[in-house]
Amino acid sequence: MSLRRSTALTTSSGRQDACSSTWTRQLPSTLSICTCLTRQTLLFSATQTKSLKDLARLSLQDPEYVWVHEKAKFSTPATLEQNYVVCELSKKVNMLFSFIRSHLQKKVIVFFACCKEVQYLLRVFCRLGPGMPILALHGNQQLMKKVEVYNDFIKKKNAVLFATDIAARGLDFPAVNWVLQFHCPEDANTHIHRVGRTAR
Numbered sequence: 009m010s011l012r013r014s015t016a017l018t019t020s021s022g023r024q025d026a027c028s029s030t031w032t033r034q035l036p037s038t039l040s041i042c043t044c045l046t047r048q049t050l051l052f053s054a055t056q057t058k059s060l061k062d063l064a065r066l067s068l069q070d071p072e073y074v075w076v077h078e079k080a081k082f083s084t085p086a087t088l089e090q091n092y093v094v095c096e097l098s099k100k101v102n103m104l105f106s107f108i109r110s111h112l113q114k115k116v117i118v119f120f121a122c123c124k125e126v127q128y129l130l131r132v133f134c135r136l137g138p139g140m141p142i143l144a145l146h147g148n149q150q151l152m153k154k155v156e157v158y159n160d161f162i163k164k165k166n167a168v169l170f171a172t173d174i175a176a177r178g179l180d181f182p183a184v185n186w187v188l189q190f191h192c193p194e195d196a197n198t199h200i201h202r203v204g205r206t207a208r
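Okay, so the sequence shown: first residue is 9 according to my numbering, each after it adds one.
Written out as structure tokens, the structure reads:
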């Protein structure tokens, strides 16, 4: 493939509308603007969904699927140890705080369901003073703030990151010891992406 003439169309990683029906309908007409007879179209994605396969079917001719881990036996790293805790709903916040207090020399990412919960619990935990830095990364932040938080977290040896699924894909977090899921993920793919932040 020659890169002398190339065009890139991108969507934000993890966005729910990345392969929406509107986007799926518009892409073939967008690609048809290029009248090159020898055009080569490449489509990359971190996940395989039905909408993505529909998009490939509509806009690609004789597509060839290439999987990065097509020979891998497991979807999660072999070194990953997974556990779960069953507790009363009213005790979840207390358990999370206790966990953080008992892992002060570690790097932890905690995934939450929504931005408001991240913001609220960040304020609560910062007032309680768990003994290590707590940062927040979520979709309501401006891009520069997200970059600042990301860089701050990866520089710290010990820290906790409260995050929504914006941190589950497309970001590299070195040396993360623990990934906690305060709420169950929406599906198996989201779970795999979340836990993939550790055991690297």
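Virtual Cβ for every residue (Gly too), placed ideally from N, Cα, C.
- For Lys100, the enclosing alpha helix (DSSP H) begins and ends at Lys100 to Arg109.
- Put simply, the region 135-143 touches the region 165-176. At least three CB pairs are less than 8 Å apart.
- In the DSSP annotation of this structure, Leu169 is not part of any alpha helix (DSSP H); the continuous beta strand (DSSP E) holding it starts and ends at Ala167 to Ala171.
- At a cut-off of 4 residues, the continuous stretches assigned as alpha helix (DSSP H) that sit fully inside the region 126-179 are 151-163.
- When DSSP states are grouped into helix, strand and coil, Val203 belongs to the helix group.
- For Val116, the enclosing beta strand (DSSP E) has its first and last residue at Lys115 to Phe119.
- Inclusion of Gln189 and Arg202 in the CB contact set at 8 Å is warranted, their separation being smaller than that value.
- Taking 8 Å as the cut-off, the beta carbon of Val126 is found closer than this to the beta carbon of Phe170.
- Looking at the backbone, the Cα of Asn102 and that of Leu179 are separated by about 29 Å.
- One thing to note: Cys122 has its Cβ within 8 Å of the Cβ of Thr172.
- For Gln149, the CB contacts under 8 Å within the same chain, skipping 5 residues up- and downstream, are Val157 in chain order.
- Between Leu136 and Phe105, the C-beta gap is smaller than 8 Å, which places the two residues in contact.
- When only Cα atoms are considered, Leu129 and Lys100 end up about 12 Å apart.
- Distance from the Cα of Glu194 is smallest, within the candidate group Phe119, Thr87 and Leu112, for Phe119.
- In summary, Ala183 is exposed, with fewer than 16 beta-carbon neighbours lying within 10 Å of its beta-carbon over all protein chains present.
- Counting only the Cα atoms, Gln69 lies some 11 Å from Leu50.
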